[in-house]
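Undergrad:
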Amino acid sequence: MKAEHEFFATGDLDWVDAGGGIAEKVLSADAGDGTLTRLARWAPGTASGAEVITHEYVEEVYLLEGELTDLTLERTFRPGDYACRPPGMPHGPYRTTVGCTMLETRYSAS
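For the sequence shown, the numbering used here gives the first residue as 23, with consecutive numbering after it.
1. What runs of the beta strand (DSSP E), each 3 residues or longer, lie entirely inside the stretch 98 to 131?
2. If you follow the beta strand (DSSP E) that residue 91 is in, where does it begin and where does it stop?
3. Across which residues does DSSP place residue 84 in a beta bridge pair?
4. Where does the unbroken beta strand (DSSP E) through residue 70 begin, and where does it stop?
5. Flag this pair as touching only if the stretch 83 to 92 and the stretch 34 to 45 have three or more C-beta atom pairs under 8 Å; answer yes or no.
6. Where does residue 99 land, buried or exposed, given buried means 16+ other C-beta within 10 angstroms?
7. What is the rounded straight-line gap between the Cα of residue 86 and the Cα of residue 63?
8. Just the Cα atoms here: how many angstroms apart are residue 110 and residue 79?
9. Run through DSSP, which three-state label would residue 76 get?
10. Excluding sequence positions up to five away, which residues of its chain have a Cβ less than 6 Å from the Cβ of residue 127?
Structure (C-alpha cells):
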C-alpha cells in the first residue's frame, strides 16, 4: 500500500533521472506491487524506443505540458489529453520534439 500523504508542495521534490531522457518526481509509490503516481518530464527529442508498449498494470496518463506523438497512431497529444490503458493494451511508441510533462498513475487491475 502507498504511504499516507497529506497535501505537500511537489515543487520541493527534486527531479530524478529515470533514464532515457525522462526525469521524474515520484509522488507516491508501493515498491511491493509497482503502484506509482509520478510526474514525468520528457526532454526535447526523447523517444520511448521503436517497439509498441504493453504492460501488466493499469496506467493513466494526463498530459500537463508540451507535446507527445504516438508514432503508431500518427497523432500528437497536447496538454489536457488523457489516456487510461488496461493491462495488455498496446500503445506507442512515442516521441516528443519539444518535451512534455505528464502525471502518470500505475496500479494493479486486481
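Even glycine gets a Cβ: it sits at the ideal position worked out from N, Cα and C.
TA: Reading it off the structure:
1. 104 to 107, 122 to 129
2. 90 to 92
3. Residue 84 pairs with 104, 125.
4. Run containing residue 70: none; DSSP gives neither H nor E here.
5. no
6. buried
7. 10 Å
8. Note on geometry: alpha-carbon atoms of residue 110 and residue 79 lie some 8 Å from one another.
9. Here residue 76 sits in coil by DSSP.
10. 59, 82
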